[in-house]
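Novice:
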Amino acid sequence: ETGVTQSPTHLIKTRGQQVTLRCSSQSGHNTVSWYQQALGQGPQFIFQYYREEENGRGNFPPRFSGLQFPNYSSELNVNALELDDSALYLCASSLVGASTDTQYFGPGTRLTVL
Amino acid sequence: SQQGEEDPQALSIQEGENATMNCSYKTSINNLQWYRQNSGRGLVHLILIRSNEREKHSGRLRVTLDTSKKSSSLLITASRAADTASYFCATDAGAAGNKLTFGGGTRVLVKP
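This is the structure we're talking about:
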């Protein structure tokens with residue numbers, strides 16, 4: 003167990019809808035990263051939040067947005083859902099500035115878009 | 102886009118045998134990490150090797166890194182059925198934060 007939790011576990015939405023996924027980081031960690039993992043592929047970096055500000059973004063459109071809260075938990079919001087958004091969404095927490103670069107992943111949220 | 106490419110894409114071995122998988126990447130890195138994933142669940146961190154290291158061990162795992170060839174290998178010795186999983190390499194190119202770029206993974210099946 004990494005101490006990183008995500009909710010919900012599974013979610014089914016239809017095209018055009020909006021979705022919010024949540025992540026609670028490991029205690030003491032100040033950074034949350036979000037990844038999208040399509041079936042049979044490796045995770046792809048969406049964006050990272052450090053001290054409540056976006057700190058880097060991957061090749062994802064603006065309809066993917068996020069927030070980080072003062073307690074370092076985070077949300078991933080996706081607007082205007084498309085079929086290709088169906089994937090496992092993973093969040094990972096880490097402590098930037100620490101001697102270790104290890105990221106700790108949550109169990110993921112499986113999103114299905116119909 | 103994915104920086105790393107794992108080879109092979111799939112591997113089937115008998116319990117007790119060794120499993121070796123390779124990862125190649127394209128750009129300079131700060132460190133390279135290996136993760137395991139069971140049946141589409143979350144990723145479990147296995148080992149991290151920094152760009153100035155050449156080999157690292159952790160239990161039954163041995164990782165090598167060749168920055169001149171931009172490649173890494175993961176060896177699992179004396180494999181067990183519980184090692185059945187997908188294994189991913191991920192590179193961290195440095196700078197602020199640690200944003201990982203993953204390969205496509207190697208699916209390992211260990212038969213009892």
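Taken in order, these protein sequences are the chains called A and B.
The opening position of the first sequence corresponds to residue 3 in this note's numbering, with each subsequent residue numbered one higher.
The opening position of the second sequence corresponds to residue 102 in this note's numbering, with each subsequent residue numbered one higher.
Note that beta-carbon positions come from the ideal geometry of N, C-alpha and C, so glycine has one too.
1) So with Cβ pairs under 8 Å, would you call Y106(A) a contact of chain B?
2) Can you look up A40(A) in the DSSP assignment and give me helix, strand or coil?
3) Could you tell me if I14(A) is buried or exposed, where buried requires 16 or more neighbouring beta carbons within 10 angstroms of its beta carbon?
4) If you measure beta-carbon to beta-carbon, which residues of the segment 197-213 of chain B are closer than 7 Å to chain A?
5) With 8 Å as the threshold, decide whether the Cβ of G58(A) is near any Cβ in chain B.
6) Give me the Cα-Cα distance between V29(A) and Y51(A), rounded to the nearest whole angstrom.
7) For Q19(A), go through chain B and note every residue whose CB falls closer than 8 Å to its CB, in chain order.
8) In terms of DSSP beta bridges, what is N182(B) paired with?
9) Alpha carbon to alpha carbon, how far is R112(A) from Q8(A)?
10) Taking Cβ positions only, does L85(A) come closer than 8 Å to chain B?
11) At a CB-CB cut-off below 8 Å, which residues of chain A make contact with L144(B)?
12) With H, G and I counted as helix, E and B as strand and the rest as coil, what does DSSP make of L85(A)?
Specialist: Let's see:
1) Yes, contact with chain B.
2) Coil, per DSSP.
3) By the neighbour-count rule (16 or more Cβ atoms within 10 Å), I14(A) is not buried but exposed.
4) Along the segment 197-213 of chain B, going in chain order, the ones with a CB nearer than 7 Å to a CB of chain A are A197, G198, N199, K200, L201, T202, F203, G204, G205 and G206.
5) G58(A) counts as touching chain B.
6) Note that residue 29(A) is Ser in the sequence shown, not Val. So the two alpha carbons sit approximately 16 Å from each other.
7) Close partners of Q19(A) in chain B (Cβ separation under 8 Å) are lacking, with about 23 Å as the shortest Cβ gap.
8) The residue asked about is misnamed: residue 182(B) is Ala in this sequence, not Asn. Note: A182(B) sits in no beta bridge, so no partner.
9) Taking the CA atoms as reference points, R112(A) sits about 10 Å from Q8(A).
10) No, no contact with chain B.
11) Those within 8 Å of L144(B) in chain A are P45, L92, A94 and F107.
12) Here L85(A) sits in helix by DSSP.
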